[in-house]
Each structure stands twice: as C-alpha cells, then as structure tokens.
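Number of protein chains: 2
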Amino acid sequence: MLNRLIYLDAKLSESLQSQLRQKLVEGILVGSFAAGSKLPSSRKLAQQLNISRNTVVLVYQALLAEGYIESRERSGIFVSEEINRGKVEFVDSDIKYNPKQSDNQRRFKGAIAATNAASCPADWQNYSFPFIDGKFNSSLYPVKEWREAVIKANSTRELYLWGQLKSGEDDPMLLDEIRTKILPRRGIQASRDEILITVGTQQALHLITQLFVDETVEVAVEEPGYPEMRALLEQKKAKLLHQPIDDKGLIVDDRLNDCDIIYTTPSHQTPTSITMSLERRDQLLNKAKEQDCLIIEDDFEFESNFLGHPHPALRSLDTDNRVIYVSCLSKVLASGVQIGFIVADASVITELKKLRKLVLRNPPISNQRTVAHFLAMGHYDAFMMHLHKTFFERWLTLREALNIYLPNCIDTGPIQGGTAYWITGPKQLDGEYLRKKAVEHGILIEPVKRYFALGSSPSNCFRMGVTSIPNEKIREGVRKLAQLIHQLTDEHEEKLSNATGKLLEQQQLEQILPGALLECQMVYGVPCTIELKENGRMIGQTFGNDNEVDTGRWWIENGMYYRKWNLWGYGEMRGFYVIMDGNEMKWFDQNYCFVRTLTYQQSTPE
Amino acid sequence: MLNRLIYLDAKLSESLQSQLRQKLVEGILVGSFAAGSKLPSSRKLAQQLNISRNTVVLVYQALLAEGYIESRERSGIFVSEEINRGKVEFVDSDIKYNPKQSDNQRRFKGAIAATNAASCPADWQNYSFPFIDGKFNSSLYPVKEWREAVIKANSTRELYLWGQLKSGEDDPMLLDEIRTKILPRRGIQASRDEILITVGTQQALHLITQLFVDETVEVAVEEPGYPEMRALLEQKKAKLLHQPIDDKGLIVDDRLNDCDIIYTTPSHQTPTSITMSLERRDQLLNKAKEQDCLIIEDDFEFESNFLGHPHPALRSLDTDNRVIYVSCLSKVLASGVQIGFIVADASVITELKKLRKLVLRNPPISNQRTVAHFLAMGHYDAFMMHLHKTFFERWLTLREALNIYLPNCIDTGPIQGGTAYWITGPKQLDGEYLRKKAVEHGILIEPVKRYFALGSSPSNCFRMGVTSIPNEKIREGVRKLAQLIHQLTDEHEEKLSNATGKLLEQQQLEQILPGALLECQMVYGVPCTIELKENGRMIGQTFGNDNEVDTGRWWIENGMYYRKWNLWGYGEMRGFYVIMDGNEMKWFDQNYCFVRTLTYQQSTPE
C-alpha cells in the first residue's frame, strides 16, 4: 500500500532521500500513515520502491531522531503516537463552511476601492517580448552572492544577536550600511536615529501618510503620478492637488501655494522617467520654504541614471529638515526581501517608529540582517554595477530600435535614465487597443491610464520597460510593435501617392543631395544632422546628453536615395523615395510608406 | 598605509580572505582608497599584512571580476574609476542638518501615544535568571534545518517562480502548507482564498481593525488583555468595553450585548495564560450569534498546551463565518521571519488583501517561501515537538519550584499551558519594587501594569515566562526570588512567635500525626493530600489535570515534624514546627517562618 502513496522520481533534481523523507513526513502529518501504525522494514520498503536500502535507512534514522517514528524492540518501526500531540481531538465533519452564507461585507468600515493594478499577466515570462517595467528575469538575481549573505545572516552567532534586538528597533548593522554606503551616493548624511527601515517603499509611504495626513491637509501630487501614493492619500481623505509636470519635472508655480505637503519623484518621475532639473529642485525647495510645506521625496530608481551624473537628492539640498526622503534597495532584490527606508529628522523617525511598531512591530530581522551582510561584503555595489550596465545596454538598445523603426511617429521625451520609456504615439493611436493587439503577438507593453487621476489621460500613450526583457529580444520586439502601430494608424499616415510636395527623380536627386546638410529629430527629442559629402561619404551627429557620431556611404540609384551607416540603422542598407516641400524633405520606403521628415539646406562649402 | 587601514584578526571565525575582501570593499566604497588610485601588488600586500600571498590573489581576482578594481598592463592594480558611477558629484559640506531646528512635530496628524512596552533590558541574555516570556535563547533555534529551507528557497529555480507571483498575492506553496499541516491541528478547514499571510500577528490585527473598526464600532476586549490590540483599537477611535476574565476565560454576560466585535485569546489568554473552557466557547459563540457580532480569535501559542488536549479553535466551531482567526508560526521562528496568517471567509480575505497591498504590497516572498519549505520538509513539526518538550519541561520545573519555595504565598491560577505564569503574590507585595530588586539579583520578571486598561491593576502581580531561561537555572532563580519576596513582606508574615493556635510539643505530635490526613492547596490551585501512615511511610497525591503521586518517610524529632519525599521537594529532608488552630494546621521552618497551612483530619482506619 505504501508504495502506492509514495512515488519517487529519479529524474527530479531533488535527491531520492529528500523525496522519500518529504513523502513520509507528509503521509504521517496528514494522517495517511496513522499514529501507531506499523511501517515496513527498511529492507522491504527499499524493495517496494526499488531504491537502495541505505537511502531508506538514512531517512528512517532522521525521522527516528526527530520523533516522527519510533522503533519498538522485536516489533519494527511505528509511526509515533506523539505525533498527534496538540492536534484537536475531533473535527466535526458536520460543520461545513458555506461561503455563500457569509455577509460580512455589511460590517466593512474601512473597505477601499481596488487600486488600478498594472495589467501584466502572471505568466509574463512566457511571452517573447515582455516590455514590462518592474518585473525581472531571474537571471539578473545574484544568486550565489545572495545565498552567501543569507547563510551568514542565519548562523548561530547571528541568531544570538537577533535576540538582543529590542522589539521595534532596527538592525544597527543595516542602518550603518545604509548610512555609509547608500546614502553618500545621494549626497545625504544621516545618523542612525534619522533612518527607519520599512517593508519596502509602499510601507514607507503608508507610515508617512499615517503621521502627516488627515482630511485637513492639502497634498500636491504629480499628474500623471504614482497611483499607489494617491490611493494612500485618498484613504486618509487628504485634499489632493494634481500638479502637472513638464520636461524638467514637477511644475513649481502658484498652484502649490496652499499645499501642506508636496509628494514628488525627482530622480525619475513615475511614470514618465523625467529627471527633475537642478534649477527646478532649487525652485521647489524655495517654494516649500516660502509656503512652509513638507516635501516627500520618493527617490525611486536613483541608481538608474544612465546619461550624466545624477542630481543630488532634494534631501541633500535641504537645510531645514523639510524633506522626508524615501527609497529602497534595488527592486530586483526588493521583490524578494522588500527592504525600504526613510530618512528624516530624528523626531519624525521616532514617531514613525511608534506607528510602525503598532502595525507590524519591525520589518523581519532576518531580511534586515541578510541585506546588511549583502551590503557589507560589497555584493550590493558589485550587483548594482552589473545591473546598471545591463539596464543601460537594454535602455540604449530600446531607444535605438524605437528611433529606427518608429521615426517621426513617436516621442519618448528627453529622459536620462530610468528603466522605462513613456511613449507618445501618433495622435490617432488607440494605446489600449494596441496593447491588446500586441499581446496576441507575444509583446507586452504597459497601459498608462492608471497614472492619471484626472479624467484626461492621453489615449495614444503607453510605457515600455527594460527590466524584464533580454537585450537580444528588444530589436525584434520593437520591429513587430512598429508593424502593428503602422497597421493601426495606416489610414492616417502620409503615403507617397498623396504627399504634398514634389517627388524628386534621379536627376534632381543628383542635383540636390551632394553637399546637403539634413536635420531631423530623434524620437527622444534631440536633433540629428546628416551631412552628405560629394564624395559619397556621409557624417551623422546627434546633439543631446550623449552626442553620437557615425559615418557611412550614400548614393543614388533608380530614382532613390540609398544609404548605409557603419553603426546606425544596424549598419543596414536602405533606400528611400524623396519628396521636397519647400525646404522640408520627406522620405518614403520601398512600399511608398512615410518614414521621416528632415530639414534640408545646402552646407556651406568647405 | 594600507596596512594601517586593514587590520585582520586570525582569531575571528571569519576567514582571512573574507575579512580582507570586506575591508578592501569598504575602503573603496567609502573612498579611503580613492577611485583610480594604485593598490599594492599581491606580493607586497601579503607581506605587509603577514598573510599568504594566495589569499590576496584570490581576493584581488574576485574584486577584478566584480569591477571594484582593474588591472592595467605593466602598471599594476588600480581602484576602478567606474566605482563612483552614480555617486552624487558634490556634497556641500556647508549644509549641516541641525536637529534642533526641526519643528516637524507641529505637522503630526496621526501621532500615537507610545505603547507601554514590556520592560525587558536589551541585554537580557546577560542576566542569570531571565524569566521573560517571548524572548528566546538562541539555542532553541533549529539552525541547520532552517538554513536548509533558506537555501532551498533561494535557488535559481525558485527565484524564477517568485517572478511569476502577482504583486499582492501570497505564495501558493505556503498557503497549502498552512491549510494542510497547521490548520487541521486546530480543527480548521480552509481553502487558499480563505487565508491571508501577514507580517506577523500584529499586522494581521492591524489589517482587521482597519477593515472592521471605526468610531461607531463597539469592541469588547479582555481585561487584563493584550495592550497592542488595545492601541490599534484606540487609534481607530473604537468604543472599548473592557470585559473581565475568570478561570474559564472571557466572561460571557449581558455586558457584551451592545458589542459589534469581541476580541479574545482563547488558547492561552494574554496575559494570564488561562485556557477558555469548551462550555465558555459555546457560550461565547451563542452570544455572538444572538447579538450578531464578529469574533476576532487570536490563537496565540496554541501549540503550547501542556496538560490535556487543546480545545478546538472557535473558528472550527463556528458555523456562520462569524469568527476571524489570527495566528502565527511559533514565535521562536517568527522573531526572525515574522509570518502570521488570517483565516476568514473569502470576501473578508479579498478585502484584507486590498488593504495589505496598499500598506506594503505583500509579506516578503523570500520569507514566505522559506517557511513553506521548512514546513514541507517536516522540519516545522519536528521543531514544534522539540519546542513543546523543552517548554513543557521548563514549565513543570517552574511550577514545582514556585510550589516548593512559595507555598501559601502565591497563586498561579489553574492554567494548562502557555509559556508564562501569571503570579499573584501576597497582598502586601509591591510587584514593581520586587521587579526592580530582582534585577539587582540577576532575575528578570515581567510587570503587568501594561495589560490593564482600567486604573485598577493589582500591585501584587507579576509574570514569569519560560521561553528564555534554561531549565537548569529555574530552581535557583525561584529560590532567590522567594527570598526576596519573603524579605519584602516579612513584617506582614505570620511568625511562630505571634501565630494564633497552639504549638505542638513532641508528645502531642506523636499523638496527632500518625494516621493523619492532611490537605493543602498547590500554588496552581489544585488540592493535595498527604497521608501520614503509622509505620512512618507517607503518601502524597495531587488532584488536577495531572494527578501526581509520591511517597516518602516522616518522623518526629526534637519537637519537630520531619519529612522526606522520594521525588517531591527535590527529595530533600525538611523539618517543621507545627501549630494547631482548630482543625487548621500551620507549619513553620527552623527560622520560625511561616511555610503553609493544611487542613487536618484523622484518616478513617483502613
């Protein structure tokens, strides 16, 4: 009978011994092998299961030592009688819960509306092109180094130290690691009593709203902005001001005059990834001082600034403890251990600590200590360097693919970092329809409606992230997505047949192109010039935070302009029909489809 | 210079390699070894530090691979220039936080009174006799088994699975382990969607109060009771009814008539450890049905029922989803990973899940998965068996010591389990003064004031726990504590010199004692009889949940009654002066101090 209950699979990575142990324990605990019942001898069981007797003996020995089974002289091995100790004597099987009978809803006093969750399927890993921000392919995880930290944090000596930690206090080792290794990177100085560890950023924001917000308080939030913070503020019945952003970050103007609190995400604005400029930071701090209000700085993803140095945190520029700083460890780690932190003056931290103690004592100390070791051994910094490199690579790959496959069609804004692009498509694009269509092609992109509090969310926007998709998949994913976008907006697109202006023929091309200086716009907002030399060489240059230069060849053939860059455009040759409309030049591809507009001028002779 | 910054200690358990790595990384990150600066060759550094060159080479190799340092041909090893990537360029040293300038207190909207924390010193492990409940000596922790689970939960395969978990959802593996292995022990059936994982019990209670309580709701709590629950209810401005308890648990009477919610700790009442009787459970459920109110069952320490089988949980007796069940894993584990859970009908769980998502997304998934593996491998049950045995042993040792050293002086109530005794001392005892005095003698006992909401906390009560003190220390600790108590209440104690009644002399003893049947009361409330046989044998018997029997010898010498039990009283011989007052007999020790009162009768001849 036993061999019917126990099925071992030699093909599993788990050892037979471990499998057998688990099956026996489970059988004993759920009562399949009743307390006091006899188990077969090791010889017999080994025979029945067709495994080595030694395996059975080792498992039996362990279970004997742990009290699951007992050996009775001359009788054999029995399931321990002790096993049911502490088990309720009877379960009246007549009592059945009837879920339909429950009408506890009428008792709810603090029910909340469901937050509009990001619509990412649970099995996103099965899609070919997951452009999802905040999910991570597990290959990124520093498994070996993390396990090293886990093992260090779970030693007998450490457990002794845990015991000395007062309920409600944080691990001093972690506090020191954060204040000496993480905060200096943000220009922030803090002593131990100015830091509070939290179970992720969300808890940090929850505690802060608990302390500072009630229905009398007016809070400015970014529009579009972080929906989970909005939900927290709505729960506290705060008066909300939805302040717009521009390409320098949160707009600072008189609308902020009545605010008590300003919530902002300056490093990479959620959801647009826009970095708040230094001038804007100063303006914001001055405004806060002038109006005597508090700033909650959510320093989300500060590690992922790719172009240029990151700006100092608001907290580091703050001279009068007006900024409450919130951040967390890289989300790649945080998805498992969820360690976030708050930096503020000691009186605020003391009060937040009391609140935290009330809602959950302290963040699990095993997680705190594991992260502390991970930091102390330098694994965190090494990991962040690796992550930064990986994400930067993907971020550039995505930007390039968008620029090549969707020129003159989309706009990503002038961002310097972050792990997602906020993409504005053609006016006629229905972003939600695109998203659904894309899923059918194995492409996941993120809708943006949830980021808007006011009714007017732009229907032609969507987000694409780089945390979850491998670099080598990005180009193909964007190519397919571009096809979809063109299909969906086809009727509104300019065609060679109906374009205004004049199609240039071979001879006109030969007249106009040599020595031309063309200027166009990259999808990420910076200008690009292309110089067509008379000798068939060409030079391209972009003007942004990261100036790029490339060279290539160009020629005219069968009434089309051809070009091949060395690096740009994947180094591929392409040909275009050219239409001139005043000094505006338009390119159309072999299928007569519109590609991009450029400004034409004749370069001054060298 | 380097060797002044780097000091390695061969005596530490940490390897030299690991120490060197940590020191170098720290130096690089905090800037002691500046980016771009040259490091000594492995040969030179090994020489300077007086360690093997191989150790240095291995550390250098690892740091090279991770990008901390770089090797330049023909030049040597340098600190990587990359290392400061992402670091804020300047820290304006003129900006200094001035903690005194902060006046953020005036902004607090949700500040709470500090909960009256248990006064246990942080270094309780340095005291000889820590009778503290809820702290654990680390020797109890199943280090090896726990690490096995930790390693399983942090494998690459598992990390892949974590990625598939939707934000806000619980680990299905843990849900299944809880519903198949833990809940059946309490007679509870539940499906996955009837369980919510929480960051410990405190978060469970917080979420429940968030959902069900506002200022219109009346909640009955036990008096004395769990102060942290009271604080949560006060924060929600609930109307509180402080309902007293008796030796059957929470009193069920008409005072409960207006309640919407009843909060109770039936397994072992906090703080008295009293187990709610089955009849009382029925009464409570009937009352709740009659008044249509909700019950929050905090099933604290259900595993530590020592005498007799535990009663089924209220939730298991509940037919109409009126009971919301809260529990957690053994606190020994929970202090590190803090996994608690709620069982309720699916509609309640759905709503609680939304609230939980808002306040912290979900309990760290690494903790959930580690605990799931710990349960799946059967380690949790083995561990609980071991813990139960250990605590039971200590619990009995403490009860016996109290009974021997403090008879007729204290009262522990008729408890069947739990890990702490609620002790009522002599009327004149000042418990708080005793606690302070005891600390001076290395004895930690717990004050009880914090458990009382109403003003009238009894000043002669205190608590003694068994989770933190090794078994072999208990007797000595109680002996010393008993001395202190006698010192503090000396003036009120009956002495041989002023006792009412008549001192029996040798001859009278010889007349009265043979064939006597003496009856007295144990400190834990059960009667005990002592039969003095004419042949000098004696038989003792207690009548409680655990009837004990012992035999011994007695005799009369120099006007005193002597006795020596085989097991009781540590098998030690003691002699007493005897006073008779009616049929009341009183014993005094060699120092003329009162020991105990017994009822005397002549046994019916056999």
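Respectively, the protein sequence lines represent chains A and B.
Under this note's numbering, the first residue of the first sequence is numbered 1, with each subsequent residue one higher.
Under this note's numbering, the first residue of the second sequence is numbered 1, with each subsequent residue one higher.
The C-beta atom is built at its ideal place from N, Cα and C for all residues, glycine as well.
Same chain, Cβ closer than 6 Å to residue 183 of chain B, neighbours up to 5 away in sequence not counted: In its chain, beyond the 5 residues on either side, 190 have a beta carbon closer than 6 Å to the beta carbon of residue 183 of chain B.
Contacts that residue 213 of chain B makes with chain A (C-beta to C-beta distance below 9 Å): For residue 213 of chain B, the C-beta contacts it makes with chain A under 9 Å involve 109 and 110, in order along the chain.
CA nearest to the CA of residue 204 of chain B, picked from B:132, B:160, B:120 and B:299: Closest in C-alpha terms to residue 204 of chain B, from the list B:132, B:160, B:120 and B:299, comes B:299.
Cβ of residue 610 of chain A within 8 Å of any chain B Cβ: Residue 610 of chain A is absent from the model: chain A starts at 1 and stops at 606.
When A:305, A:569, A:367 and A:247 are compared against residue 414 of chain A, the one with the closest alpha-carbon: The candidate whose alpha carbon is nearest that of residue 414 of chain A is A:247.
Beta-carbon gap between residue 428 of chain A and residue 489 of chain A smaller than 8 Å: It is a contact, given that the beta carbons lie within the stated cut-off.
Proximal residues of chain B, C-beta to C-beta of residue 151 of chain A below 7 Å: Those within 7 Å of residue 151 of chain A in chain B are 147.
Residue 200 of chain B and residue 340 of chain B closer than 8 Å at C-beta: Going by C-beta atoms, residue 200 of chain B is nearer than 8 Å to residue 340 of chain B.
Supposed contact pair residue 154 of chain B and residue 146 of chain A - C-beta distance, whole angstroms, cut 8 Å: Contact flag correct, Cβ pair sits at about 6 Å.
Complete beta strand (DSSP E) runs within the stretch 525-592 of chain B (minimum length 3 residues, chain order): Complete beta strand (DSSP E) runs here, min 3: 527-532, 537-542, 549-557, 560-565, 573-581 and 584-588.
Residue 543 of chain A classed as buried or exposed, judged by whether at least 16 other C-beta atoms fall within 10 angstroms: Flag for residue 543 of chain A reads exposed.
Interface residues of the stretch 368-385 of chain A facing chain B [CB-CB below 7 Å]: Result list: 376, 377, 378, 381, 382 and 385.
Same chain, Cβ closer than 7 Å to residue 287 of chain B, neighbours up to 5 away in sequence not counted: Only 252 and 256 meet the Cβ criterion.
Residue 247 of chain B: CB within 7 Å of a non-hydrogen atom of the ligand HEM: Of ligands this structure carries none, so the ligand HEM is not represented either.
Reference residue 492 of chain B, options B:426, B:467 and B:484, closest by Cα: Check the Cα spacing between residue 492 of chain B and each of B:426, B:467 and B:484: the tightest is with B:426.
Continuous beta strand (DSSP E) assignments of at least 3 residues falling wholly in the stretch 424-503 of chain A: Positions of the beta strand (DSSP E) runs, each at least 3 residues long and wholly inside the stretch 424-503 of chain A, are given as 461-465 in order along the chain.
Helix, strand or coil at residue 242 of chain B according to DSSP, with G and I counted as helix: Three-state DSSP puts residue 242 of chain B in a strand.
Stretch-stretch touch, CB-based, cutoff 8 Å, three pairs: the stretch 587-605 of chain A with the stretch 504-524 of chain A: Taking 8 Å as the limit for Cβ pairs, the verdict is that the stretch 504-524 of chain A does touch the stretch 587-605 of chain A.
Neighbouring residues, chain A, relative to residue 597 of chain B (Cβ below 7 Å): Think of a sphere of 7 Å around the beta carbon of residue 597 of chain B: no beta carbon from chain A falls inside it, the nearest being about 37 Å out.
Contact list for residue 21 of chain B against chain A, beta-carbon separation under 8 Å: Using a Cβ-Cβ cut-off of 8 Å, residue 21 of chain B is close to 377 and 378 of chain A, given in chain order.
Whether residue 614 of chain A touches residue 324 of chain A by CB criterion (8 Å): Here chain A covers residues 1 to 606 and nothing more, so residue 614 of chain A does not appear.
Limits of the beta strand (DSSP E) - the one that residue 197 of chain A falls within: For residue 197 of chain A, the enclosing beta strand (DSSP E) has its first and last residue at 195-199.
Other residues of its chain near residue 20 of chain A: CB distance less than 8 Å, five sequence neighbours each side excluded: Once the five neighbours on either side are set aside, the close Cβ partners of residue 20 of chain A are 6, 8, 49, 51, 55, 56 and 59.
CB of residue 212 of chain B within 8 Å of CB of residue 294 of chain B, strictly: Yes, they are a contact pair.
Completely contained beta strand (DSSP E) runs for the stretch 159-222 of chain A, where each covers 3 or more residues: Runs of the beta strand (DSSP E) inside the stretch 159-222 of chain A: 195-199.
Proximal residues of chain A, C-beta to C-beta of residue 603 of chain B below 7 Å: Within chain A, no C-beta atom comes nearer than 7 Å to that of residue 603 of chain B; the closest sits roughly 38 Å away.
Coarse secondary structure for residue 125 of chain B, derived from DSSP in three states: If DSSP states are grouped into helix, strand and coil, residue 125 of chain B belongs with the helices.
Assigned secondary structure, residue 234 of chain B (DSSP; H/G/I helix, E/B strand, else coil): Here DSSP, grouped into helix, strand and coil, assigns residue 234 of chain B to helix.
CB contact flag (residue 382 of chain B, residue 405 of chain A, <8 Å): In this structure, residue 382 of chain B lies away from residue 405 of chain A, with their beta-carbon atoms at least 8 Å apart.
Expected contact under 8 Å - CB spacing of residue 417 of chain B and residue 306 of chain B to nearest Å: Right, their Cβ atoms sit about 4 Å apart.
CB contact below 8 Å: residue 405 of chain A versus chain B: So, not an interface residue.
Where residue 156 of chain B meets chain A, residues with beta-carbon distance less than 8 Å: Here the neighbours are 138, 141 and 143.
Amino acids of chain B, ordered along the chain, whose beta-carbon sits closer than 8 Å to that of residue 366 of chain A: Result: 336, 337 and 367.
Backbone secondary structure at residue 279 of chain B - three-state DSSP: Residue state for residue 279 of chain B is assigned as helix, using DSSP reduced to three classes.
Stretch pair the stretch 389-403 of chain A + the stretch 342-358 of chain A: three plus CB contacts closer than 8 Å: Three or more Cβ pairs closer than 8 Å define a contact, and the stretch 389-403 of chain A falls short of that threshold against the stretch 342-358 of chain A.
Exposure of residue 130 of chain A, with buried meaning 16 or more beta-carbon neighbours within 10 Å: Residue environment analysis places residue 130 of chain A among the buried positions, since at least 16 neighbouring C-beta atoms fall within 10 angstroms of its C-beta.
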